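Comments concern the structure below.
In the numbering used here, the protein residues as written are 25 to 221.
Given below as structure tokens:
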């Protein structure tokens, strides 16, 4: 990753998305073939919920580097958020082709399948993601969501506790995500909130 692109990641991490967008725009003006800068600016747009701008930047990154795994993965995330599930699946498929041993696109594709109500496919992918990276907090949380969707609250809570112990702390998401609705009133889920929220 070029040093200037790497240096500007700190602005995204600090939630200063407008500053990050301005800095990556400047890099792109100076280096119009810098596919990583497009991807990073796309990430900042995504965090600001400017989804169509994020898609445009990820797409440009892919045009500049058709094997850019992260741009496919991240564009898939945006498509999924927008409910464009088939486009998301296509991007995750390509990301998996490019990096078959990376658990991230398996988890993201699995979660998209979960949103589509395709539980078997979701389970296959999420389990593959956990197999490839057993400490990934997002994959562990996806396992919890999978079991919540299957109406298995104890199993869901077991996986959610694993995710929390590894550092998962997006309590706002846990409180609002529809994927947890089937177990929201179960004592084990409520106990997690009483202990941690």
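For glycine and all other residues, C-beta sits at the position ideal for the given N, C-alpha and C. It should be emphasised that the depicted structure is a prediction, and the values quoted were computed from it without experimental measurement.
Backbone secondary structure at residue i - three-state DSSP
i, result
"residue 62", "helix"
"residue 192", "coil"
"residue 34", "In this prediction, residue 34 scores a pLDDT of 47, lower than 50, which makes its location untrustworthy; no coordinate-derived value is stated."
"residue 167", "helix"
"residue 9", "Past the edges of the chain, shown from 25 to 221, lies residue 9, and the structure says nothing about it."
"residue 132", "helix"
"residue 149", "helix"
"residue 84", "helix"
"residue 117", "helix"
"residue 202", "helix"
Residue i versus residue j - alpha carbon distance
i, j, result
"residue 104", "residue 205", "19 Å"
"residue 52", "residue 181", "45 Å"
"residue 43", "residue 66", "13 Å"
"residue 159", "residue 190", "7 Å"
"residue 11", "residue 56", "The question about residue 11 has no answer, for the chain in this structure spans 25 to 221."
"residue 3", "residue 211", "With the chain covering only 25 through 221, there is no way to say anything about residue 3."
"residue 198", "residue 62", "31 Å"
"residue 89", "residue 95", "9 Å"
"residue 97", "residue 49", "21 Å"
"residue 127", "residue 163", "8 Å"
"residue 142", "residue 54", "45 Å"
"residue 216", "residue 201", "15 Å"
"residue 151", "residue 84", "32 Å"
"residue 213", "residue 196", "14 Å"
Sequence-distant residues of the same chain with beta carbon closer than 8 Å to residue i, five excluded per side
i, result
"residue 125", "156"
"residue 109", "103, 136, 139, 140"
Candidates the options: closest to residue i by CA position
i, options, result
"residue 176", "145, 191, 209", "209"
"residue 137", "122, 164, 203, 218", "203"
"residue 133", "144, 113, 121, 148", "113"
"residue 161", "187, 174, 100", "187"
"residue 193", "219, 174, 207, 173", "219"
Own chain partners of residue i with C-beta closer than 6 Å, once the 5 adjacent residues on each side are dropped
i, result
"residue 135", "166"
"residue 68", "36, 41, 44, 45"
Cβ neighbours of residue i in the same chain (closer than 7 Å, five flanking residues each side left out)
i, result
"residue 147", "170"
"residue 183", "164, 167, 168, 171"
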